[in-house]
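Residue numbers (the UniProt record's numbering): 1 to 111. Heads up, the beta-carbon is just placed ideally off N, CA and C, and yes, glycines get one too. Single-structure report; data block below.
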């Protein structure tokens with residue numbers, strides 16, 4: 001099992017999760033975070049820290065495509081271990097459905 005970041009992180013990009021991760025397995029895109037599935041130790045401490053409830057265990061049904069997306073971008077985006085400010089409009093996008101088309105493939109800044 002591993003944890004994955006799902007659609008609600010897109011354009012919310014709260015970063016409370018990165019500070020609690022004991023193995024630094026978060027990677028930063030321009031408008032989303034992802035978890036590297038091969039680095040995640042399945043501890044689950046990140047899940048309750050996410051204000052957008054965007055982190056889920058990969059054992060939940062229907063998350064296969066999110067697991068693949070996390071793996072894909074974790075291999076090219078920079079690692080992030082320190083919390084930064086969320087986007088100014090994060091609350092406006094929290095809970096909005098159908099955000100996958102808003103996902104930017106561009107990397108973030110990382111640490």
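CB contact flag (residue i, residue j, <8 Å)
i, j, result
"residue 74", "residue 12", "no"
"residue 88", "residue 14", "no"
"residue 27", "residue 20", "no"
"residue 79", "residue 29", "no"
"residue 17", "residue 50", "yes"
Per-residue burial, residue i [other beta carbons within 10 Å of its own, 16 or more giving buried]
i, result
"residue 59", "exposed"
"residue 1", "exposed"
"residue 9", "buried"
"residue 55", "buried"
Minimum C-alpha distance to residue i - residue among the options
i, options, result
"residue 45", "84, 103, 3 and 14", "3"
"residue 72", "37, 110 and 16", "37"
"residue 39", "104, 70 and 101", "70"
"residue 76", "31, 108, 23 and 7", "108"
"residue 99", "31, 68, 48 and 23", "31"
Terminal residues of the beta strand (DSSP E) in which residue i lies
i, result
"residue 33", "33-35"
"residue 56", "55-57"
What are the complete beta strand (DSSP E) segments, minimum 3 residues, inside the UniProt domain "4Fe-4S ferredoxin-type" (1-30)? 3-5 and 26-28
Just to confirm the assignment: which complete alpha helix (DSSP H) runs, minimum length 4, are found wholly within the region 41-102? 64-74 and 90-93
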